Structure formats: C-alpha cells, structure tokens
Amino acid sequence: MITGVPVQYFLILATLMFFAGIYGFLTRRNLITMLMAVELILNSVNINFMAFNRYLYPHKMEGMFFSLFVIAVAASEAAVAIAIIINIYRRFATINVEDVNEMKY
Amino acid sequence: MINFSYTIWILLLPFLVFLLLGLAGHKLKPKLSGLIGTTGLGIITFLSYLTAYQYFFASEKVDGVFQKIIAFNGVWLQLTENLHIDIGILLDPISVMMLVVVTTVSFMVHIYSIGYMHGEKGFERFFAFLSLFSFSMLGLVVATNIFQMYIFWELVGVSSYLLIGFYYTKPSAVRASKKAFIVTRFADMGFLIGILILSFNTKTFDFITLTSLTGPAITQTGGAAFMGLSVITWSMIFVYMGGVGKSAMFPFHIWLPDAMEGPTPVSALIHAATMVVAGVYLVARMFPIYAIAAPDALNVVAYVGAFSSLLAAVIACTQTDIKRVLAYSTMSQIGYMMLALGVSGYGGHDGLGYMASMFHLFTHAMFKALLFLGAGAIIHAVHSNYMTEMGGLRKYLPITHATFLIACLTIAGIPPLSGFFSKDEILTAALHHNKLLFAVEYAVAGLTAFYMFRLYFSIFWRKETHYHHTPHEAPLTMTIPLIILAIGSVFSGFIPFSELVTSDSMPFESHIEMAVAIPSVLIGIAGIGIAYIMYKKETSIPDRLATTFKYSYKWAYNKFYIDEVYLYITKNIIFRYISTPIAWFDRHIVDGTMNLIAFTTQLLSFRIRNYQSGQLQKYGFVFVTGAIALAILFAYLWK
Amino acid sequence: MFVLFSVMIIVFSILTVTTRRILRAATYLLLVLISTSGLYFMLNYQFMAAVQLTLYAGGIVVLIIFSILLTSHISQKFEPVGLKKSVFSALAAITGAILSIVTILDYKFSASVEAAKEVDMRLIGRSLLSVEYDGYVLPFEVISILLLAAMIAAIIVAKKGGPSKTKTPNYNKG
Amino acid sequence: MSLETFLIMRHELLLTAALLVVLVAELFSHPDKKGPIITLSVVCFGIITALGFIPSPEGELFGGMYVASGSRLMMKNILNIGVLLVILQSVDWLRRGENSDKTSEYFILLVSTLIGMNFMISSGHFLMFYIGLELATIPIAALAAFDKYRNNSAEAGIKLILISALSSGILLYGLSMIYGTTGTFYFNEIAAVFSDSNLQILGFIFFFTGMAFKISIVPFHLWTADVYEGAPINITAYLSVISKGAAIFIFIIVLFTVFPVIVGTWQKAIYLLSILTMTIGNLFAIRQQNLKRFLAFSSISQAGYILLGFVGGNQLGMASVIYYVLVYIFSNLGAFGVVLAVSNASGKENIDDYNGLYHTNPKLSLIMMLALFSLAGIPPVAGYFGKFFLFTAAAEKGFFTLVIIAVLNTIISLYYYLLIVKAMFLLKSETPVEKFRSTLYTRFALGLCVAGIIVTGFASTLFEFIRNLSFGV
Amino acid sequence: MDILTLFVVIPVLTITAILFVKDIKHVRVVSATGMGIQLILAAVLVFMYLSARKAGADEQMLFVRDYLWFVNPNIHYAVGVDGISVVMIALTSVVLFAGIFASWEVEFLTKEFFVSLILLATGVFGFFISIDLFTMFLFYELAVIPMYLLIGIWGSGPKEYSAMKLTLMLMGGSALILAGLLGIYFNSAPEGGQLTFNILEIAKVTIPMSAQRLFFPLTFVGFGVLGALFPFHTWSPDGHASAPTAVSMLHAGVLMKLGGYGAFRVAIFLMPEAAAELSWIFIILTATSVVYGAFGAIVQKDLKYINAYSSVSHCGLVLFAILMMNQTALNGAVIQMISHGLMTALFFALIGMLYGRTHTRMINEMGGLMKVIPFLSVCYVIAGLASLGLPGLSGFVAEMTIFVGAFQHTDVFHRVVTIVAVSSIVITAVYILRVVAILLLGPTTDEHHEHLTDAKWFEKVSVVILIGSVAGIGLAPYWLSSMIGTSLQPIVVKILATNPF
C-alpha cells in the first residue's frame, strides 16, 4: 500500500498506457511494433489487476494470479505472432502492415 | 292439370344433339349430322307446338288469367339463403309464344341450311352450333329466374359468336364475331349489375316473385337512391342495358350489321328472328316492374327504342349490302317493339303496347326470317351481297321472288298481311301515350317501306346485270322453308294475340283503330311508290339525291360514324391510353420498384465494400471505435 | 516514487508508439516494462515484479528484438504515419481514454475490510497447486498446454523448408 | 483423481491424452509415411466423440473453476461432432504433398484449441475462461498460416493473431474493471454483486467486444473475411463453425449466468448488433466471388441470426441457440466439405468455377444445395427448424420488429445462396470441374453432414433434450 | 397411417421410386402411376368426406390426427380437412396428374424434373392437410423452393432472372407470414394457458386487437404475395413466362391457391376483427388487381404473359372475395380458386403444347392455327371461354358466386367496389377474344405452321382431364358449392360474430 496514492491514479496510469497501446496498434506500420503496442496494452491491464488486488481486495490474490497468467499468455502469443511475422517477411519481403492486404472487399 | 314435364326435353334434346355433334360430329357423315340436327329440332318444334296448344287451349285459366306454370325447377347453385340460381322451365303466355317462334324459325333454318350449307367445310360443326344456339335460346325463353336467363343469355351470346365467326379463316368474320361478343358482353355487364342491385334489394331471382304485384320489387321500391331515381329504377335501367346490347339498340347496335358476316341462315335465325328480340323479351318478362315500379326506366326503353328505329331506318336507306339493309331493318323493327313496350301500361287495355310488342315480335320473326332466307337464296344464286351487282332476278328465282315480295309487303305494313296488324297496334299504343314517339314511328313506317322496296326493286327489277353464270333457283330444302314462312307471314296477323299474350295474362279485346291504320298504310304505300320511281328502272334520281344531300347522305352511309367512335374508344382509349400505360406501369414502375430494391441492395453492397479494405489497422480502428461507441452508448446515453 | 514510475511509464509508452526507429521503440518498451515492475515492487508484489522483469522484459522483449533483427535494418526509419490515420487513431484513443478515466473517477471504489494477505512465495506456490477454492492448479495445467501448443505452432510456422518447395498455385483472387 | 472427476472432465482429459498420443506417435513414425498418424488421429477422435456421450454427474471442480453441467457437456459434445467432421474432411488435404510433414502438428494444434474451447465452456472463473479463450485462438492463428507457401495464408495468420491480441487486450481491460468493481473472478460471485454502474457497464461492454470478435459480430467482424479466405479451407471451416460455436456457447452462458443483472443493457446491445450483423454480413456476401470469402460473410450473417436467440434472454432462446449451432455445424461443414473436396480435386474456389457442377458431380452439388438451403432456412432441412426457433425465441419477448428485419434479411441471404445453386444447377460451363471421386473419409464426413442436416430438424427429441438443459436469465 | 398423411407419403414414395429408376421412360411411368394413385386417393377422400358428413359428422375438420412433435413450442403434426381442403386437394391431384402428362416429353434431366415437380406437390398437399400453423408453413415453403430449380433449369427465356425474382418475392412473402405466425402463436392464449399453433384451438380465442392490427396485414400480405396481390404480383408474369409447362400449370393452378387459402385460413379466420377493420385497404388493392391485371393482359404479346396477367386478375378476385367476409363470397372464392386452378392449368398446358410445335409464344408470330391443329385450338377456345366466365364452365359459377356474395354486403363501399370488379368480365372477354382471334382464327399466317401435328395421346389425356373438370364444375356446381358451404359455416360464424357490418 502506497500512502497518498489512491487507486484511481493507478487506473488512470493504466488507462493512458492502454490507449497509448491502442494508438500504437492503429498507427504503427511495422508488424512488430504493432505487436509491441499489444504488449503495452496487456501490460496496462496487468497494472490494473495488480492495483485492484492490492488496494481493494488484498486478502486474496486473484488479480495477481490473473496478471501472471496474462504474462504467460502474452509470451506465447508473442511467440506465435513473431513466427508468423517471420513467415510474412519471407512471403512478402516486408513487414509493413499496409502491404499485407492481398485480400480485401 | 296438364303435366308439362315433357317440356324438359325441349331443353335437353338440343343440348344432347349439340354434345353428340360437337364431340363426335367429325366422325359422322355430314349429311347424317345435318339430319340428326334437323330431326332433333323437328321433335322440339313438335313439342313446342304441343305445349302451346295445351297451354293456351287446354289448360285451365283461373279467373280468366293464364297461369304461370313451373314445369320443372331445380336448384343449380345455392348462393345465399334466399338467393339461389335455379334451372327450370316457366310456362306463361310469352314464353310459350317464344317457344313457338324460336322452334319454328329454327326448324326452318335447319331445313334451309341443309341446302344452303351443302358442301361447306364444317357442316357438322354448323349444326352443332345451331343446336347449341337452340338450346341456349330455349333456355333463355323458359327461364324461371333472372339468373337462369342471364346464364342462357350468355350462352346465346357465345353461340352467336361462334356462328358469326363460322368462317373462321375469313378475317372480317373473325372481327365481326369478336365485336359482337364484346359489345354484347359490355351490355351484359350492365345486365349483371342490374341483377345484382335487384337481387340485393329483393333477395330473390325468381321471376314469379319479382313480377308479382305484391312482390318485393314492386312494393319495396323505396325513394330516390341516386340521381333522383329509385334503386329499382336503376336496376331496371341496368337490366335494360343488357337488352339494349342483345337487341342491338342504340348505342350498342354496331355489332349487328357486322354480324352479317356469318352464314345467312344464322343471320335469319339469330340476328333477325330470335336472339335479337331477347332484349324485348327481357323487358316483357320484367314488365310489371318496369310498368309499376320503374316508369322512368320504361321511358328509357321507349326513347331508346324509338331513336334506334329511326336511326336504323335512315341508315338502311343508304346501304347497298342487302344483308346489311336487312340488319338495319331488324334493328329498326326491334326499336318498334321496344317502343311499344315503353309506351305500354300494365293490365288490361292499358297493356296494349305490351301485347303489340309481342305480336310484332311474332310476326317480325316470320317475315324477317323469310327476308333473310330469301336473301340467302339470292346470294346463293348470285354469289354477291351487293345489290348494285344484282337486278332483274325475278325471272331466275321465281319462288324467291314471290316470297320476298310477300315479306316486303308485310314489313311495309300492307294489309292484310301480318305486319300490318302488329304495327298498327304499336302505333295505336304510341298514339295514346306519346305523340312525339308516335310521329317518329310514322316516319319510320314510311322509311321502312321505302328501303325495303328499294331493296326489292334493285334486286328483282331494274336492268339485268351480267352474271358470270346464270343464277338458278335454290334447291327444295331451301325453297320449302321460304314458302312455309311466307305462309306464316301472311296469316299470322290473324292470331288473336290480345286474347293470348297480354301484360297481365288476362285476355282483352283489341281492334284496329282506323284513324291510325289508314294513314299508316298510306305512308307505307307512299314509301313503296317513291322506291318504285327511284329504283324500278335505272334512274339517276338516287345519285342526284345523294349529291344534293351530300353530307347527310355521307353520314348516313357511314352509319353516322358510330363505328368510328367505338373504334376510337377501343383502339385509342382502351388500348393506347389504358392498357398500354398499365402494362408499361406494371413492367417499369411496379416491377421496377422490386428491381430497384434489388438494385439498391447491390449498390449498397458495392458502396460499403471499402470498409473491408484489407488493412488490418483499419479493422482495428473500427474495432476500437466500435467498442468505445458501444461503451458510450450503453454506459451513458441509452441506459 | 509513484510519480517517477508513472511519468516514465507514460512517456516511454508514448515514445514506444511514436518513435520512428524500430529498435528505439523496443528499447522504450523495455523501459516501460521495467518501470512497471517497479510499480509492482511498490505494490509489494515482489514475485510479480520479478516475473515481469524476467519473463516480460527479459523474454518477450528479447524475442521482439530478435525478430526485429531478423526482419529489419536496425537503423531503419519509418516513414511518418499518414496524418489522417494518426489523427483519427489519436482521436479514438483520446476519446477512449477520457471516457474510461471519467468513468473510473465516477466510481466509488470501496476497499475490502478483510485483512491483507501477506504474499510470500510459499503462499503463491500453495495457491498455484491448490485444487480448492482460489487454487490455480487447473489454469496452471492448461497454460502448459497453451505453451506447448504455442511452441509447436511457432515452430511449424517459422520453420523453413519442407519436403515440397513448390509453391502451391494461388487460386485466390479476392 | 477420482473416477468421478475423470468422468466430469473426460473431454479435456481425453483430448489431452490424444494430443500426447499423437505427439508420441509422431516421434516414432517414419517422416514420409503419415498415413498411420492420420488413421490414428481419426480413430482417437472418433473414440473421444463417442465417449463424450456417456452421461456424467454435474458438479464443480477445482473450487468452482471448472463447472460441469448438462448443457455444457452437451455443448462440448456438439463441438466434438463438429471437430470430428472437420478432421474427416481434412484428411484429403493432409495427404497433399506440401502438408505431409505437418500432419501430426495439425492434429496437435487442432486438438489443443479444442481443449481450450472445452475449458472455456466449462469455466466457472474468468481466468479459466481467458486461458481457454487464448488457447482456442493462438494455435488457430498458426493453423491459419499453415499453408506456408501461400501469401494469403500468412496474411490470414497475422491478421488473426494481431486482431485477436487487440481484442483480448480490450477484453482484459473490461475484465479488469469487472474485477475491480466486484473483487472476484468467479462467475457466481460476480453475478451476486454485479450492478449497473457506469464503470461496470464499461467493463462489460469491453468484455462484450472481445466476445463479439470471436463470434464475428459487426463491427468487430472485419478480420473474418480475410482470415477465412486466406486460411486453408478446413481451418476456415473450423474457424467458422467450431471456434465460433464455442464462443457462442460460452457467451450465452456468461451472459445468462454472470450478467443477468444488466440484461436490459445487453439485450439492447445485441438487438442493435444483431441487426447490423446480419444486414452487413448479407450485403457483403452478395458480391463475393470466392467461396471461402462468401461463406465467411454468410457466417457473419448467420451469427446475426444466432444473436436473435440471445436477445430474449429466455430458456427457449438458449435452447434455440445451441440447437442452431448444432444445425449450423452440419450445414456449414457440409458446404465447406464440398468446397474442400472440389478445391482438393481441382484447386477451384470461385463461384464461377462451380458452373455446371451438377452435370459432372451431381452428388456433391446436391449436398451443397442441401447445406445452403439449410443455411438459408428452407424446409424441410434442419436450418429451417433452427431459424424458426431462433425467431420464436425473439418473438416470445415481443421483439417482432427484430424478427421481421431478420426474416427480411433471410431473403437477401437466400438470394446469394441461390446464386451458388444457380451456378451449380442452372449455368453451364466450358470448363467445368472434372468428375472426381473423393476418399472414403470425405464421403463419410459429407454423409454425416447430410444425415445431420436432414435428421436434426425432424428429431424433436433432440431439441427437447437441449431445451431441458437450457435455462433463461 | 391415416388417409391424410398418405397424401404426403405417396409423393415421397414416388420420389424415392424415381430415384431408383434408371430409364427415362420408366421415370415417367412411375411418376404417372404415383400421381394416378394420388388422384384415386383424392377421389376416395372426397367420397369418404362426403359420406362422413352425410353420416352426421359435424366437426369443423374431419379425419383429424394430431401428433405432438416439439413439446415446448407446442408444435404438433396435426392434420385434418374440411370441405375446402378436400376440394383443394382434389384440385391439386387433378392438375398434378395432368401436369405429369403435359411434361411427358421433358428430355433434359428428366428424373430431376419429376422429382422436383413431385416435391413441389408434396408441399402443396402438406399445406392443405395441415391444421397446425407450423407444419402448414413448413409445407408452404417446401412448395415454393423447388420452383427455383424447375424454372431455372427447365425454363426458357430469362429463366435465371425470373426464377430468382419469383423465389425471392415469394420467400419475401413467406417472411412476412412467418412473423405473422409467430405473432399469432404468442397471442394464441391471451388469458393464459398453453400457447398453440393449432388453427382450431386458436380460432376458439380472440386474439387481442392490438396484435391483430399488426399481424393481420403481415399475414395477409404475406399470403397475398403468392396470391398475386397488387402490387406484389410482378413475379407472376416473369415467372410464368419462363417456367416450363407443367410448372406453370402447377404454379398458377395450385401454388397460387396457397396464397388465397392461407389468407383465408390464417389471416381472415384467425383475425376477423382486424380483417373487418382493415379490409378496405386490401379490398381496394385486390379490386385494383382484378381490373389492372385484366387491362395489363390486353396488350401483351406473349401468350404466357397474357395468362399470367389474367391470373393476377383472377387470383385478385379470390382475395377480393375473401375480404368480403361473407359466406357466399367466401364460397365463391374457393370455387374461383378451383376454377382458376383448372382453367389456368389448362391454358398453360395448351400454351406449352403450342410452343412445343411452333417454338414461339408470340401471338403475332402465329395465326390461323385452328385449321391446322383443331383439337388444341378448340381446347384453347374452351379454356378461353371458361376464363371469360361462360356459363356451363367453371369460371362462371365462381365469378357469379363471388359477385352476388360480394354485392350482398350491407356496406355501400363494398358494393361499389364489387361493381368495379364486375367490369373485369368485359375486359377479360376483350383479351381472351383478341388472343383467340389472332392466334387461332383467320388464315394461317406462317407457312411453317401449316404442317403441325395435332395433340398426341398424352397431351390429350392431360387436356381432357382438365376440360372435363372445368365443364363438370360448370355444369353441376351444386354439390361442390354446398360441400364448401357446409365447411364454411363454422368459419363464417366466427367471422360474423365480430363483423360490424
């Protein structure tokens, strides 16, 4: 418990981070940076869980465990995504998301 | 009480003959089919005579009134609790009289046709149609209720259609048949509407109930319903519309002259003697209602009749096709009958017009059938319809000539031939009712005499035209009917009609009114005289007259352009301005709307394709904005 | 401390998504993750902080950097983002952020009355292996399947070559 | 682990076992001969599907994280049937040269996603739910990118994984708010304390979008078409049927059990989105030429119809949703089966290529027609019954406007389904698909589909069974 | 198995049998046999029905069988017939039997053709025997869908377009019906209790007025689309023009009757209050249909278009009569359905036969056929006369019953509209005679047509059956009318109980 810092601050921090991630996801052209934006998003969510757990429900550890598993999932997600990105690079010779649009309409 | 149940055979027999000839006719020898048809009709004729005899002379009258006898009646179709269409046989003076007329003329025509139609393709078909017509006409005549009458009315119409179009490969015949059917059909629509209105107000179709003096039609007439006329009046006017169509009254007369495209026996039977008087018969049948409950409608009858008779007589003076002259003459004579009904009152001597009308109907049937059959014999001999191509035929066709002359004299109203008597009664009735109409009829009488003798002189006298091969008298099968009908024309005037057929079925005394009769005879003779001067020899008077009254002549010759008006209405208005636009509207607007919906969907589908751009980040953008929008919507706006 | 971490997090987050050099982006991301673990320390979740540092900062970011090295030039600079795209995205992000923050501030959080549980490794271990209420053995098992599957998936997708080198004809014409 | 636990969890356990068996078999198999592995997998999966029907007790395991109930069991069984069909259908595809080195991986990934779905369906806790969801998504992305030598496949993979990451991020954010306001992840505990404050609704909506993404609800559907088109056909089938079906199942469970308090909110949301979904899906489907893409949009609009069952929040609704998914599995897999068979034989995937198919391959065309009619809801095939019950469920709550919009939408969908029927039956082609004969597996699978399409509708006991296991808000 | 279910089972068995037959000739024979049995069965049913009534059975529906199907939405497979359904079934059997013979020479995909045709018939039979709205609707859609293939594969002209349009419009109609049915279902127990799809059960309650106002138009328009209600009739010209002979016969002859029958059985019978209140709108629409269709037919050049528009007119009359909501008009509506079914089937059969010989349907490309092919021509004339309402043929009976019935309405508006509708008899005459004159009469215009052959035996079978039925009804309508009338009693009682007029 950090004295003087209400839980809302954490939440605002996480929210800003979250939407920074969203912004990144929507604007970065490089597939890998998009992936990084996703990591930002997941990270911000983790902050939320942790802060809630600590501030509001400190007698249980659900938030913390959730964060733990989110990290694990994020790792596997990143692994697969990077594998696919590498494949994309082989096929398209670029990892610019705007060029990966053979299928549309 | 005499059992009249055998009269059912009068209906059944021609129908059976029709079925036999219609279904198996092409397998029979033509002669055999002709024989079957004629024999069948012979039997019916006999039965009709028997009926007439029994009805008029052997059955009991109650209080001197001829009873209406239902010889047979069966429900054909139940419509509502009260309304049901029956098929039955009603015997009363006029129906029995009509039975005689129809069967007689029909029988004559059958015999005549065996000769006339000899060797024609479709001989058996012809007799089948004749049987069908006889069946329909007889059914119409003996109808016990107005709907039965309508049924047979339609059947008569279709038989007429079939017979006019008998020479179906001839375009003019096809056109004529079509025209006849459609014009009468239009009139029949009026009839049907009349029936609907009448039955709605009276809850019955039955003639006996309808015409009963205590019946709903007469007692519950009610006040003015629409445009100052009562419901019953309207219904009777509509019903009369059917009669106008069938009887070729103005303005529905245009089909009749064209109908002459049919074989001549058909013209004689249908378009002269029997079917065309159905309208008269209809009015007579409903007469009590007209006379008591709907006098306005009766006036319509009178004026329409008078006008038609005048119009037709004028046109007849200018036509050169002999059958057309006869057709207009028919129209004119029927106008007479209508007028007679129109000026008649109900009951006793007031009903003189009624009686006269029926009387004239009877005599007219005889002499007009005779005229047509005579014309048939002439055409048969000359192979032309136009009197300009005839002349001096009296020595080639003696029998025809004699009978034709008798007929002409009869129609001209020369005593003591039958036409004189019946016409005289009509004039008398008109005189007592309406002087104007009386005057018109006098004029028509003169015109009639004139054009008939114009015809007669042009055909049988005048200069002899050069014929390709010498005309010769028709075979016996054709001349015998001529002779029989001539006898009928001569003597039928002596039948005491006023004791048999009257408006209230109660006999009354009638006598010749000399004040009317003598001038009418004189006018007739005058007409003959003028015709004699103009057409006995080859003169230039007709041509000069025609040039003097150029426009009137032209108008009359062209039948006052009524045909053209109709043509305009049908061709332009119905086809061009109603149907074509409707068809266009349907294809382009109604269907177009449906297609438009489909097209809009397609277009919309095309327009929104850019949302599926293949750009992952745009997808993400939509995703995120969607989520945010939903959140705003449901967290704040629409909670 | 909180202010420091939060400023770092926010600044580096924004830098991550705006910098035009890819490797710098990765570095900024690393910094964000590290500062986050600092936050976890502050919150007294040492275990999580450690996990964050090792797994996240250590594992994932390294993975990312590897892939960057595989697919890009280090010095590669991005073309600037299209204006329309960035404005709209920013608009969406800002709207979302404002919405969330307003909503969060609107809500009255009520702290639990129960006593806080001291989070030590033993407790974590026990919870992780417990089959009782608030035990996490099942997710633990399942996540192992996930990791296995992800591994296989990554290998199968990224693996080069194979028996047939022939490119299958591309039938699809969108 | 007691026998009862085993019985309750047998789907997941058996699948895990199968996964391991295949893995082991892979180790011992000859690299060039994958036939035995295919047979082994099919047999294994057949057995699992059959075992799934053994009745089992209801109950909660792991302190309520794992919930077993009749309806969830049934959902799993339904998915099993679908997966069995997919596996049967993909045998031909797997035998193609370029896939022969990935046979066992294919099965492993497929089965692992199924395990994820099963856990997701059985979850009583959002952590289980989340992990299940991810387990059901991540390997699919790899599967979508399975055809490594096709650009489209790779594109499909990256699109799927990135957008799903975004979606799960948003979902998690929503979940964090739900957690923050309720203090728990257990379904039943959340349901007890949930209210309709703005933050909770915000959290719910974010959670909702994550689910909507899985079910491809407009406007969260945009990935669908591209991924469906790019992925190998059997994966597309899997995505459109199994993955979507699982998401629908858990979604309805979550909505009905966790969020009954805010039923008004999600009713409105689903009302709105279902109209959007079916309309947009239909509008896009009209113009498609590629059959996979076409079926993608068709499946989007199907999702819109399915939402009709949600909207009432009633027992009939839930029953009809489950029932419809079952019907949809047979119908859509029937259609995909034909597309896959034709594609394997000729490489043709466009609607034009199907011109005159009836004259060369009448049976396939008939199956396709049946499947499409079932999708369109034409009697007497099962789709008709399914749609009817969905509409009935919505009408029961008085949503007649929605029903009318939906039935009008079925007209549009009938139009494009008929386009394919038209191509197969009415049109003629210079170069039709050659006459061919598929393998026993494919024919068996298609036979099952046809049987399903025909029988499911008439078998009222089936619907009754589902209905008795369903519940309302 | 009860006799009614047999009507569905026999076609299904026939289809199965066809599937197992190899030879094209045998396909025809099997179809003809199956449908012959069906025809006999229909005759048996008529006989059974009449004798049951005579024996004093006075329930509304006879031979009722009810099997619970889906327990919860309370869906039953319930069948039962009254006089109306019986005659409709008889009509279907006759037209179908004739249709089989009319399509004797289908060469292309013969097996599939007969399967689709009989499948369609299955739907129609099922529809007429159902008294449960669910099964009724099921069969209804079942009947509509095979049309797509039948027109699309075996049709002519812009067949794909027509088939699509027809199917979509009809399914659009059925979409509305579906919504209407659900509405009825959920209002079938306004005072609590088990909701039901059973028509007889629903008829016992009064559906709340607010619901009726919504669902009556839905149901009526929905069925009206199939009954060619203006302005939803445009599928009819295109569809008929493109359809093969037997399909046109069956479609115009039978399928369009589903619309009228449904509008009457479902819309009017179950929701008479709203019907009475809203009928004026539809009366105007249907009266427009009647006149408009007839006018539309006048200027058409394609025989099938003429007949399609004529069908719009005649079927409009059916709906018109139904809306009049009195016993006589309803009676007329049913007779008109049968009559139109028979004669329009006859028309389409003849047109098909003409087309088979001359390879054109444009009337101005033909002429004077009477001389060449007298049998067909005479039959055409008879069909035409039936269509224009000649006494002695069925059209007259139907039209007169309708007109008289409609005119008995106490409301002036209804009577005036009736007069408008009456005018159609003239317009009908115009277009019928126009066709007859151009097509059959006059000299033969095309020398290629001078050596056409007249009807073959199977064509004669087809035509004679239909003409026989048309004439039979026309000559002796009493038994038919009274059979229908008896069955209408309970319906009319329900309708009149609420009728403000």
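Order-wise, the sequence lines are chains V, R, W, S and E. Going by this note's numbering, the first sequence opens with residue 1, and the numbers climb by one from there. Going by this note's numbering, the second sequence opens with residue 106, and the numbers climb by one from there. Going by this note's numbering, the third sequence opens with residue 745, and the numbers climb by one from there. Going by this note's numbering, the fourth sequence opens with residue 919, and the numbers climb by one from there. Going by this note's numbering, the fifth sequence opens with residue 1392, and the numbers climb by one from there. For every residue, glycine included, the Cβ atom is placed at its ideal position computed from N, Cα and C. Owing to the predicted nature of the structure, the values given are computational and were not obtained by experimental measurement.
By the Cβ criterion, the stretch 448 to 461 of chain R is in contact with the stretch 517 to 532 of chain R, since at least three pairs of Cβ atoms, one from each stretch, lie closer than 8 Å. Put simply, the stretch 138 to 156 of chain R does not touch the stretch 1769 to 1784 of chain E. Fewer than three CB pairs are less than 8 Å apart. Residue-level contact check: F726/R touches chain W, since one or more beta carbons of chain W fall below 8 Å from its beta carbon. At least one beta carbon of chain R lies nearer than 8 Å to the beta carbon of Y1869/E.
K642/R counts as exposed, since fewer than 16 other C-beta atoms from the protein chains shown sit within 10 angstroms of its C-beta.
Its chain contains R559, F562 and S563 as the residues whose beta carbon lies nearer than 6 Å to that of Y640/R, once the 5 sequence neighbours on both sides are disregarded; these appear in chain order. In this structure, G410/R lies away from M346/R, with their beta-carbon atoms at least 8 Å apart. A straight-line Cα-Cα distance of about 43 Å links I394/R and L1482/E. Per DSSP, reduced to three states, the secondary structure at E978/S is strand. Taking 3 residues as the shortest admissible run, the stretch 977 to 1012 of chain S contains the following complete beta strand (DSSP E) segments, listed from N- to C-terminal end: 977 to 979 and 984 to 986. As a beta-bridge residue in DSSP terms, A1469/E pairs with D1457/E. Assigned with DSSP and collapsed to three states, S1040/S falls in helix.
When DSSP states are grouped into helix, strand and coil, H948/S belongs to the coil group.
Under the three-state reduction of DSSP output, F177/R falls in the strand class.
For the stretch 860 to 882 of chain W, the residues whose beta carbon sits under 9 Å from a beta carbon of chain V are, in order, A860, K861, V863, L867, I868, S871, L872, D878 and Y880.
Here R866/W is exposed, its C-beta having fewer than 16 other C-beta atoms within 10 Å. By the criterion of at least three beta-carbon pairs nearer than 8 Å, the stretch 285 to 304 of chain R is not in contact with the stretch 224 to 236 of chain R. Considering only F1787/E, L1605/E, V1515/E and L1432/E, the residue with the shortest C-alpha distance to I1394/E is L1432/E.
With fewer than 16 other Cβ atoms inside 10 Å of its own Cβ, Y673/R counts as exposed. It is roughly 7 Å from the alpha-carbon of Y1335/S to the alpha-carbon of F1291/S. Look at Y851/W here: in three-state DSSP terms it is coil, with no helix or strand label. DSSP places D1629/E inside the alpha helix (DSSP H), whose first and last residues are W1626 to S1633. Closer than 8 Å to the CB of T705/R there is not a single CB belonging to chain S. If you look at G496/R, you'll find it isn't in any alpha helix (DSSP H); DSSP assigns it neither H nor E. In chain S, no part has a C-beta under 9 Å from the C-beta of L1397/E; the shortest such distance is about 18 Å. For G452/R, there is no enclosing beta strand (DSSP E), as DSSP marks it with neither H nor E.
Listed along the chain, the chain E residues whose CB falls inside 8 Å of the CB of Q717/R amount to none; the nearest CB is some 24 Å away. Rounded to whole angstroms, the separation of the alpha carbons of I1773/E and Y266/R is 13 Å. For N187/R, same chain residues with a beta-carbon under 8 Å away, outside a window of 5 residues either side, are K308 and T309 in chain order. Of the other Cβ atoms in all chains shown, fewer than 16 fall within 10 Å of the Cβ of R681/R; this residue is therefore exposed. Taking the Cα positions, V670/R is about 15 Å away from Y662/R.
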